[in-house]
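Asker:
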Amino acid sequence: MTVIDDDLGRSGSGVSRSGFEKLLSAICEGRVGAVFAIEVPRLARNGRDWPLQKVANVALEHAAGA
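Laid out in structure tokens, this is it:
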């Protein structure tokens with residue numbers, strides 16, 4: 002298990018966060034089996050900028066290409 006806490010204290014409303022980018026990269030590399038967050042707002046803050054959907058899309062794209 003890897004804990005990514007690089008973005009502590011940063012808003013979840015955008016995707017320009019180093020920890021979030023690490024998560025997406027790990028998913029693309031096939032190194033992620035599950036994603037857990039203390040709270041959903043840690044992955045996404047609002048419906049307009051919904052990074053959580055980006056996580057799901059990246060995971061699905063990786064699975065389809067695997």
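In this text, residue positions in the sequence shown follow the numbering used here: the first is 2, and each later residue adds one.
From the three backbone atoms N, C-alpha and C, an ideal C-beta is built for every residue, glycine too.
Small disclaimer: the values here were computed from a predicted structure and weren't measured.
Is it buried or exposed, LEU61, if we count other Cβ atoms within 10 angstroms and call 16 or more buried?
Answerer: Looking at its Cβ environment, which holds fewer than 16 other Cβ atoms inside 10 Å, LEU61 is exposed.
Asker: State the DSSP-derived secondary structure class of GLY34, mapped to helix, strand or coil.
Answerer: The answer is coil: DSSP assigns GLY34 none of H, G, I, E or B.
Asker: Tell me which residues share the same chain as VAL59 and place their Cβ nearer than 7 Å to its Cβ, disregarding the 5 neighbours each side in the sequence.
Answerer: LEU25, ILE28 and CYS29.
Asker: Could you tell me the boundaries of the alpha helix (DSSP H) in which SER17 lies?
Answerer: From DSSP, SER17 is part of no alpha helix (DSSP H); its letter is neither H nor E.
Asker: What is the rounded straight-line gap between the Cα of PHE68 and the Cα of ARG32?
Answerer: Any property of residue 68 remains undetermined from this structure, which presents the chain solely from 2 to 67.
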